[in-house]
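**Q** Here it is, the structure in full.
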Amino acid sequence: MNNRRKLLCPSILNLPTDCMREEIEKLDATDMDIYHVDIMDGTFVNNFGMSVRELEMIRRITDKGAHKLIDCHMMVMHPHRYVEKIAQAGADIIYIHPESELIPSATLELIQLQGKKTGLILNPCTALEMVKDMLPITDYVMIMAVNPGFAGRTFMSYTRQKFTELNQYREQKGLDYHLLLDGGATREVITDLYHNCGVEGFVLGKQELFFQKEDYATCIDRIREF
Ligand code: DX5
Ligand code: ZN
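Numbering (our numbering), first residue to last: 93 to 318.
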């Protein structure tokens with residue numbers, strides 16, 4: 093049984109740029125929790141994502157509206173170079189991939205110095221062993237159930253044991269990081285991970301939130317009930 097409130101995180105990468113402002117205003121009026129903003133450098137992954145200017149725009153919109161949180165998923169090499177910029181642009185939570193840094197613990201410290209929440213994001217093949225020493229200074233742990241870099245991929249079921257592992261580890265050590273999923277969040281996946289694996293947060297893409305028949309508010313309310 094999971095008593096934690098679900099953290100619902102729309103993945104902004106799914107929005108076409110020509111109507112981004114209007115769509116963000118609509119999202120802002122719903123019961124969603126955290127904007128998920130994917131930043132890519134074309135090297136860590138073979139793609140480009142959102143830009144710092146778009147991050148600033150989301151900040152401006154929600155500051156006039158519902159004051160939601162914004163997270164930034166850094167799919168870039170050596171993200172410590174950009175922590176200050178991303179923090180100033182308005183991210184509340186900054187996720188780094190441990191593989192992208194020689195000393196990821198130093199980057200987490202840098203994020204804390206900027207007064208922001210720390211996030212670690214694990215690739216499907218990243219072992220708990222690689223990150224466990226940093227978990228006491230990590231506020232949010234996100235696990236990727238798809239290979240990073242692209243939206244719309246299918247949940248890879250072999251990643252399920254990693255959610256269970258990170259949930260058990262949190263309990264054993266009395267830690268209190270949030271545990272979230274990025275990639276492939278269908279109704280079935282959300283229901284299973286929330287009720288059986290202690291996962292409370294979900295990045296939402298086309299499967300349950302974007303390009304649905306119903307409006308965003310209806311979809312968000314429905315996902316809360318899964
Ligand atoms: C993938 C991105 C995700 C992506 C997830 O690298 O980090 O944020 O948008 O999207 P879906 O839910 O479509 O897999
Ligand atoms: Zn992401």
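Cβ coordinates follow ideal geometry from the N, Cα and C atoms, glycine included.
1) Please classify N138: is it buried, with 16 or more other beta-carbons within 10 angstroms of its beta-carbon, or exposed?
2) What does the shell around ligand 2 hold, if a residue joins when its beta-carbon is under 5 Å from any heavy atom?
3) Mind reading off the beta-carbon distance from T122 to Y308? Whole number of angstroms is fine, and I expect it under 8 Å.
4) Report, in whole angstroms, the separation of the C-beta atoms of P171 and T199, which I expect to be a contact under 8 Å.
5) Hey, out of K98, M226, L273, R97, whose CA is closest to H165's CA?
6) In terms of residues, what are the limits of the beta strand (DSSP E) holding L212?
7) Where does I116 land, buried or exposed, given buried means 16+ other C-beta within 10 angstroms?
8) With a 10 Å radius around its C-beta and 16 neighbouring C-beta atoms as the bar for buried, classify F303 as buried or exposed.
9) Can you find at least 3 beta carbon pairs, one from the stretch 245-261 and one from the stretch 209-228, that sit closer than 8 Å?
10) For G134, collect the residues of the same chain with a Cβ closer than 6 Å to its Cβ; drop the 5 residues on either side in sequence, then sort them by chain order.
11) Suppose contacts are defined by Cβ-Cβ distances below 9 Å. Is Q299 in contact with T278 by that definition?
12) May I ask you to check if the CB of F242 is nearer than 8 Å to at least one heavy atom of ligand 1?
13) Compare the beta carbon distance of I131 and I185 with 9 Å and say whether it is the shorter of the two.
14) Any heavy atom of ligand 1 inside 8 Å of the beta-carbon of G276?
15) Excluding the 5 residues preceding and the 5 following K160 in the sequence, name in chain order all residues of the same chain whose CB lies nearer than 8 Å to its CB.
16) Just mark G293 as buried or exposed, buried being the case when its beta carbon has 16 or more other beta carbons within 10 Å.
17) Report the partner residues of Y261 according to the DSSP bridge assignment.
18) Mapping DSSP to helix, strand and coil, what is S319?
19) Once the 5 residues before and after Q206 are set aside, which same chain residues still bring their CB inside 7 Å of it?
20) In the structure shown, what three-state DSSP assignment does Y269 receive?
21) Would you kindly work out how many angstroms separate the C-alpha atoms of S197 and N106, rounded to a whole number?
22) Between G276 and T256, is the Cβ-Cβ spacing less than 9 Å?
23) Who pairs with C164 in a beta bridge, going by DSSP?
24) Assuming N259 and V291 are in contact, meaning their beta carbons sit under 8 Å apart, how far apart are those beta carbons, in whole angstroms?
**A** Here's the rundown:
1) In the sequence shown, counting from the first residue as 1, residue 138 sits at position 46. Exposed, by the Cβ-count rule.
2) D130, H165, D274
3) Numbered from its first residue, the sequence shown carries residue 122 at position 30. Numbered from its first residue, the sequence shown carries residue 308 at position 216. Contact flag correct, Cβ pair sits at about 5 Å.
4) Start at 1 with the first residue of the sequence shown, and residue 171 comes out as number 79. Start at 1 with the first residue of the sequence shown, and residue 199 comes out as number 107. Going by Cβ atoms, the distance from P171 to T199 rounds to 6 Å, so yes, they are a contact pair.
5) Here residue 165 refers to the residue found at position 73 when the sequence shown is read from its first residue. When only C-alpha atoms are compared, the closest one is L273.
6) Position 120 of the sequence shown, counted from the first residue, corresponds to residue 212. 209-214 is the extent of the beta strand (DSSP E) around L212.
7) Taking the first residue of the sequence shown as position 1, residue 116 is located at position 24. Burial call: buried.
8) In the sequence shown, counting from the first residue as 1, residue 303 sits at position 211. With fewer than 16 Cβ atoms within 10 Å of its Cβ, F303 is classed as exposed.
9) yes
10) For the purposes of this step, residue 134 is identified with residue 42 of the sequence shown, where counting begins at 1. Counting only Cβ-Cβ distances below 6 Å, and skipping sequence neighbours, we find F140.
11) For the purposes of this step, residue 299 is taken as the residue at position 207 of the sequence shown. For the purposes of this step, residue 278 is taken as the residue at position 186 of the sequence shown. For Q299 and T278, yes; Cβs fall inside 9 Å.
12) Looking up residue 242 in the sequence shown gives position 150. Answer for F242: yes, Cβ within range of ligand 1.
13) In the sequence shown, residue 131 corresponds to position 39, counting from 1. In the sequence shown, residue 185 corresponds to position 93, counting from 1. No.
14) The sequence position of residue 276 within the sequence shown is 184, counting from 1. G276 Cβ: within cutoff of ligand 1.
15) Residue numbering aside, residue 160 sits at position 68 when the sequence shown is read from its first letter. D120, M124, D125, I126, Y127, T154, listed in sequence order.
16) Position 201 of the sequence shown holds residue 293. With 16 or more Cβ atoms within 10 Å of its Cβ, G293 is classed as buried.
17) Within the sequence shown, the letter at position 169 stands for residue 261. Bridge partners of Y261: none, in fact.
18) Residue 319 is absent from the structure shown; the chain starts at 93 and stops at 318.
19) Indexing the sequence shown from 1 puts residue 206 at position 114. Within the same chain, Q206 has close Cβ partners V175, E176, A179.
20) Numbered from its first residue, the sequence shown carries residue 269 at position 177. If DSSP states are grouped into helix, strand and coil, Y269 belongs with coil.
21) The residue you call residue 197 lines up with position 105 of the sequence shown. The residue you call residue 106 lines up with position 14 of the sequence shown. If I take the Cα positions, the gap works out to 31 Å.
22) As a working mapping, residue 276 is identified with position 184 in the sequence shown. As a working mapping, residue 256 is identified with position 164 in the sequence shown. Cβ atoms of G276 and T256: not closer than 9 Å.
23) Counted from its first residue, the sequence shown places residue 164 at position 72. Answer is V129, I186, bridged to C164.
24) Taking the first residue of the sequence shown as 1, we reach residue 259 at position 167. Taking the first residue of the sequence shown as 1, we reach residue 291 at position 199. Between V291 and N259 the Cβ distance is about 7 Å, and since that is below 8 Å, they are a contact.
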